[in-house]
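Numbering (my numbering), first residue to last: 1239 to 1833.
Read through the structure below, which is laid out as structure tokens, and then see the notes.
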């Protein structure tokens, strides 16, 4: 847990800033009285690492603001909520320019002592900015990438090891969560921290994970400078996309070091913080506007994307998976929202409670993937964005977000749903005294009670972690799909009675209920995610496909999580075509890059 005690209330506000034609999105964290001793720019890493770090950056920003430091965390051009796309030209130049724009913003609002903080590639970008200007007083290099070339080499290796997707082709790099085009690969490869000129800053903090030794090349580069070395503990769990565990000790170290580094007297700052921005144009030439919203009594954070004429179409609500914030997996929600807005739909993307930029509920453990409270979060968001008729929406979700969509569809059937790689075998369990998840596929109690002791007995000589995985698979209900993948020759007639007599309900049965209630239902799955739904239920799937309200799209190349750019474009294409065909609107457009 964090040991830094907040000494003052914090004012955290989202806003757009920078060039009007290509606005950047960010959050400015200030002490409540707007009196600051200095200011810090937080530079994001790239790709999926930016999503992993997002919540931890929020914690760091709030802690620093409580200590009297202004903090700007933001998205580079073409990333996060900022304007642009990952395939736009001059990416490296534009990313570095974004750092400059953010730094100039702090200077422009009256901050007289500036620092830069970056994780991984964010550290490389921060060092580049510090090397080219003389007014950076402190620099924090948090587990820095020494060069763009080293980062790209890592991403190629991770892609090969994961076995997901094919090569990017054309010398591009398909990194998790971002595609880096050939031009960008070349320019990024030339960026090298150890060869940058200048002294960077009068004070430098470098944090290296305890699992690795200090990079010799970096030690030599910083040898004659005023640098302090500390440990970046918890880095492995932080950058694990399935965990994203905030490294509280590291956050505290950085907070303490920066708080001590800013020794000047507090000065007032007057920040302009625009709450809307134009991010494109509709098919009829009208501006697409994005605006921030707070949803319900919980004040969940969200962004609405819309033109000026929705033509009576339902509002589209995008639901996140796990701990991912409102941009969605690999930024797909941003791209989808802006594309649908160009087709005259109004679209909401938002953060579940305790994740991203939404505060936790009272007593809720923050930043927990698949939190039980997410079911009520979706209900809150729908009620806030469509208060007159909460059913006048189309809900789109991925993985556990798809599960939350299904739960909402059971309680208040919407106009339509689109679920991508849904999960129905679900944990953690509900808190005591709460209602059971009606869509959750769970084994029958007697089966778990009878099987668990046998597993403990037969597996007592096994590795304890492996034994825990076995027991969890039985308790959650994922053992059937795991067994079917390992033994694909088990016939359908064997799985049918297993699912019928050993489980309370199946995901496909839940989908039958939703379609039967009149909800237009689109299911997009990859091969591994169709198996749990169709195992022992191919007859039900076949019958359901005869219903005109049910649309099944199986994409053999679809990965579960780290989607390639082509997969994202394909999903945006099929979803937008389906929505315009079902709920009205132009049909002649295709997402950028589609044939």
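Ideal Cβ placement from N, Cα and C applies to all residues, glycine included.
- Residue 1681 has 1741 as its beta-bridge partners, per DSSP.
- Residue 1656 is bridged by DSSP to 1634, 1760.
- Rounded to whole angstroms, residue 1420 and residue 1442 show a C-alpha spacing of 33 Å.
- With respect to residue 1357, residue 1291 sits close: the two C-beta atoms are nearer than 8 Å.
- Counted as a single uninterrupted DSSP element, the alpha helix (DSSP H) harbouring residue 1814 occupies residues 1803 to 1821.
- Of the candidates 1644, 1809, 1318, 1318 places its Cα closest to the Cα of residue 1254.
- Exposed is the label assigned to residue 1732, since fewer than 16 other Cβ atoms lie within 10 Å of its Cβ.
- Cβ neighbours of residue 1347 within its own chain (closer than 7 Å, five residues either side excluded): 1507, 1508, 1509.
- By the criterion of a C-beta distance shorter than 8 Å, residue 1722 is surrounded in its chain by 1728, 1733, 1769, 1773, once the five residues flanking it on both sides are discounted.
- Taken in chain order, the whole alpha helix (DSSP H) runs of length 4 or more contained in the stretch 1354 to 1427 are 1359 to 1369, 1386 to 1400, 1420 to 1427.
- Residue pairing by DSSP puts residue 1267 in a beta bridge opposite 1250, 1309.
- Ranked by Cα distance from residue 1486, the first of 1742, 1577, 1294 is 1294.
- The alpha-carbon separation between residue 1649 and residue 1635 amounts to approximately 16 Å.
- Cβ atoms of residue 1519 and residue 1525 come within 8 Å of each other, at about 6 Å.
- For residue 1763, the number of other beta carbons within 10 angstroms of its own is at least 16, and it is reported as buried.
- In this structure, the straight-line span from the alpha carbon of residue 1794 to that of residue 1465 is close to 51 Å.
- Counting only runs of 3 or more residues that sit fully inside the stretch 1513 to 1574, the beta strand (DSSP E) segments are 1514 to 1519, 1525 to 1533, 1538 to 1544, 1553 to 1557, in chain order.
- Judged by pairs of C-beta atoms under 8 Å, the stretch 1257 to 1268 touches the stretch 1317 to 1336, as three or more such pairs exist.
- Taking the Cα of residue 1435 as reference, the smallest distance to any Cα among 1446, 1368, 1453 is reached at 1368.
- DSSP, reduced to helix, strand and coil, places residue 1639 within a helical segment of the structure shown.
- Within the model, the alpha-carbon separation for residue 1644 versus residue 1363 is close to 41 Å.
- Under DSSP, residue 1506 takes part in a beta bridge, and its partners are 1273.
- In the DSSP assignment, residue 1792 falls within the unbroken beta strand (DSSP E) covering 1788 to 1792.
- As computed with DSSP, residue 1586 is found in a beta bridge with 1542, 1555.
- Beta-bridge pairing by DSSP links residue 1441 to 1376.
- If you check the CB distance, residue 1740 and residue 1682 come in under 8 Å.
- Taken through DSSP and simplified to helix, strand or coil, residue 1255 comes out as strand.
- Residue 1586 is not a Cβ neighbour of residue 1574, given a cutoff of 8 Å.
- Rounded to whole angstroms, the Cβ separation of residue 1339 and residue 1308 is 16 Å, and the two are not in contact under 8 Å.
- For residue 1410, the closest C-alpha among the options 1387, 1431, 1432 is that of 1387.
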